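Notes follow once the structure below has been shown.
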Amino acid sequence: MLTDFLKKVFCKDDEPQGLCALVIGHKKDSPGAINKKLNIGEFEFNEQLATMIESRVKSARLQRVYRLTYSQLPADINALNPVFVVSLHCNSDDGKASGTEVSYYHKSIKGMEIADIMLRSLVSHLKLPSRGIKPKTSEEKGGYLLRYTSAPCIIAEPFFIDNDRDLDRAMADMEGLASAYARAIDEIYKVLKAQKFAADLKE
Ligand SMILES: [Zn+2]
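Here you go:
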């Protein structure tokens, strides 16, 4: 007979899989930053990418989330009760800036840890300059989402969409980019699950 303790230790696999909320940045009618040469915006790029990521993630259940309004987005995500949140964006600046960055809420240690996992995976695939992980306050760009989601949340900006060379690099291997996201999501899920497991044991 298993004691309750041993059940807790060995029967974890019976638990339903936790959820990763995969948020597609912006909306169809307000698509975010645009690459003028190819006339492709953040929304269109990331919507296509999201379905490719979805088919590659092995661990967490994945739920795509579309923005209705920005103000209600955190509540919509929280209603799903995800283990963590990944928001898909692209960076933009003056057409020349290049590289990969991932943002997290400045007070979230877990946010920082998972931002680092995502950054390493995206950089190792794209091989663009790493701009690092970026702590954001609630007043900064993206900070509202990062602050008001209950689960650890990151905003991924793998490249600058207004930089033709960055976009070329990303579009040259969309499958590879989707796999880089999926590998990071699998690793993040494993890390957060192990942390929760350790915390449960302490109780
Ligand atoms: Zn964006």
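Residues in the sequence shown are numbered consecutively from 0, following numbering that gives the first Met the number 0.
The beta-carbon is built from N, C-alpha and C at its ideal position, and this holds for glycine as well.
Bear in mind that the values here come from a model prediction, so they are computed numbers and not experimental data.
Every residue whose Cβ sits closer than 5 Å to any heavy atom of ligand 1 is listed here in chain order: G24, G31, E41 and H88. Residue A150 holds the alpha-carbon nearest to the alpha-carbon of L18 among A193, A150 and R164.
The beta carbon of K189 sits closer than 7 Å to those of S58, all from its chain and outside the five residues before and after it, given in chain order. The beta carbon of G40 is closer than 8 Å to those of H25, P30, G31, A32, I33, N34 and I160 in its chain, skipping five residues each way along the sequence.
Here S120 carries a helix assignment [DSSP, helix/strand/coil]. At least 9 Å separates the beta-carbon of V22 from that of V56.
In its chain, beyond the 5 residues on either side, N162 have a beta carbon closer than 7 Å to the beta carbon of K95. In this structure, the alpha-carbon of L48 lies about 10 Å from that of M170.
When the beta-carbon positions are compared, V101 and I52 stay at least 9 Å from each other. Collapsing the DSSP output to three states places V84 in a strand. Cβ neighbours of D115 within its own chain (closer than 6 Å, five residues either side excluded): I132. Straight through space, the alpha carbons of A155 and A183 are spaced by roughly 11 Å. The beta carbon of D165 sits closer than 7 Å to the beta carbons of S97, L127, F158 and F159 from its chain, once the five residues preceding and following it are set aside; these are given in chain order. Scanning its chain for C-beta atoms nearer than 7 Å, with the 5 sequence neighbours on each side dropped, one finds around K36 the residues D163, in chain order. Excluding five sequence positions before and after T136, the CB atoms of its chain that fall closer than 6 Å to its own CB belong to H105 and G142, given in chain order.
Taking all protein chains shown into account, A193 has fewer than 16 neighbouring C-beta atoms within 10 Å of its C-beta and is therefore exposed.
In the structure shown, the three-state DSSP call for G131 is strand.
Between L145 and S129, the CB-CB gap reaches or exceeds 9 Å.
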